[in-house]
Amino acid sequence: MQNFGKVAVLMGGFSSEREISLNSGAAIVAALKQKGIDAHPFDPKEIPLEELKKQGFQTAFNILHGTYGEDGAIQGALEVMGIPYTGSGVAASAIGMDKYRCKLIWQALGLPVPEFAVLHDDSDFDAVEQQLGLPMFVKPAAEGSSVGVVKVKETGRLKSVYQELKHLQGEIIAERFIGGGEYSCPVLCGRGLPSIRIIPATEFYDYEAKYNRDDTVYQCPSDLNEDDEALMRTLAVKGAQAIGAEGCVRVDFLKDDSGKLYLLEINTLPGMTGHSLVPKSAAQVGVDFADLCVEILKTAHVG
Ligand SMILES: Nc1ncnc2c1ncn2[C@@H]1O[C@H](COP(=O)(O)OP(=O)(O)O)[C@@H](O)[C@H]1O
Ligand SMILES: [Mg+2]
Numbered sequence: 001m002q003n004f005g006k007v008a009v010l011m012g013g014f015s016s017e018r019e020i021s022l023n024s025g026a027a028i029v030a031a032l033k034q035k036g037i038d039a040h041p042f043d044p045k046e047i048p049l050e051e052l053k054k055q056g057f058q059t060a061f062n063i064l065h066g067t068y069g070e071d072g073a074i075q076g077a078l079e080v081m082g083i084p085y086t087g088s089g090v091a092a093s094a095i096g097m098d099k100y101r102c103k104l105i106w107q108a109l110g111l112p113v114p115e116f117a118v119l120h121d122d123s124d125f126d127a128v129e130q131q132l133g134l135p136m137f138v139k140p141a142a143e144g145s146s147v148g149v150v151k152v153k154e155t156g157r158l159k160s161v162y163q164e165l166k167h168l169q170g171e172i173i174a175e176r177f178i179g180g181g182e183y184s185c186p187v188l189c190g191r192g193l194p195s196i197r198i199i200p201a202t203e204f205y206d207y208e209a210k211y212n213r214d215d216t217v218y219q220c221p222s223d224l225n226e227d228d229e230a231l232m233r234t235l236a237v238k239g240a241q242a243i244g245a246e247g248c249v250r251v252d253f254l255k256d257d258s259g260k261l262y263l264l265e266i267n268t269l270p271g272m273t274g275h276s277l278v279p280k281s282a283a284q285v286g287v288d289f290a291d292l293c294v295e296i297l298k299t300a301h302v303g
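Residue numbers (full-length UniProt numbering): 1 to 303.
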């Protein structure tokens, strides 16, 4: 086994997803230790990041979600400190957190994304409603966990929804409703893993369905036929490559009623708890949780 030295599992942090990150981090520390790796929890909210060097850490396993952890900030700090870290670099992390700019890149490369419009104070809201139809989805480009995601169903409501959301992070985008099913496909070191079908019991996959309910159904292997499964994995790999994402990521998809697949968003730091989607998918191809953690750790790099 490669010698990783003293490994800091960066967990917790400053974002609203702090608790989820702490759960993932604890599972990762236990798994790495089981593999004989000298892994320790490190929460940058409790200990200044500069302590990494002073405490002799040689490698960082990053499982900080959201602001500062997933958006390129901590990646930049680790670059400057010269500590190899897992996952995507500064630019890919920043683009992955910005649904609008990520979509622009995917679109430019011909990858299928749901039709969308960026909303502004002076948008012609009726025209957007005509263009995208109802229902449609409106969301802030730089939040997560379904925060600020609204399904707009009534004629004439778009403007007031925009007004309610415009204080949130990033551009406000309106998107055509794609209603034939929701999927997620992990990519591990450039290889597409089995897709997962997500069936929320709520109207869509909102915050409650993600974190507080136990009736969301996750199917892995999913219900895709062989061709669509292969296509989804290819699209996921291309979607990750498009923004320069590295390590382990998850690309979320929607399917329309005719069966066409669309890239919805990318998650450059997916959850790694016992219930998370990536470990479920990896298990299907014989990669257990501890092996998955080691695979990810091997991607640690600077530059
Ligand atoms: N265009 C769309 N068509 C259908 N459902 C959508 C659409 N956009 C978002 N959703 C629903 O809202 C959920 C959250 O939206 P998403 O863009 O993934 O934001 P977040 O980053 O907060 O997860 C999705 O998982 C899906 O259930
Ligand atoms: Mg999502």
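Positions of the beta carbon are idealized from the N, C-alpha and C atoms, including for glycine.
Please read these numbers as outputs of a predicted model, since none were measured by experiment.
- Counting the other Cβ atoms within 10 Å of the Cβ of Ala108 gives fewer than 16, which makes it exposed.
- A Cβ-Cβ separation of about 6 Å places Ile266 in contact with Gly239 under the 8 Å criterion.
- Within the chosen limit of 6 Å, ligand 1 reaches the beta carbon of Val149 through at least one heavy atom.
- Under the three-pair Cβ rule at 8 Å, the stretch 102-122 does not count as touching the stretch 59-74.
- Between the stretch 41-48 and the stretch 91-101 there are fewer than three C-beta pairs closer than 8 Å, too few to call the two in contact.
- Here the alpha carbon of Ser276 sits roughly 10 Å from the alpha carbon of Tyr218.
- Each of Pro270, Asp256, Glu175, His301 was checked against the Cα of Ser145, and the nearest Cα belongs to Pro270.
- About 7 Å separates the beta carbon of Gly72 from that of Ala91, a gap short enough to meet the 8 Å contact definition.
- Secondary structure of Arg233 (DSSP, three-state): helix.
- Scanning the stretch 14-56 for uninterrupted alpha helix (DSSP H) segments of 4 residues or longer gives 18-34, 51-54, listed from N- to C-terminal end.
- Annotated as distal: Val249 and Val287, with beta-carbon spacing of 7 Å or more.
- In the DSSP assignment, Val90 falls within the alpha helix (DSSP H) that extends over 90-96.
- Non-local C-beta neighbours of Lys298 in its own chain, meaning closer than 7 Å and more than five positions away in sequence, comprise Gln2, ordered along the chain.
- Relative to ligand 2, the beta carbon of Asp252 is positioned inside 6 Å of a heavy atom.
- Measuring C-alpha to C-alpha distances from Ser24 to each of Glu51, Phe61, Lys54, Gly5 identifies Phe61 as the nearest.
- Counting only the Cα atoms, Phe57 lies some 41 Å from Tyr262.
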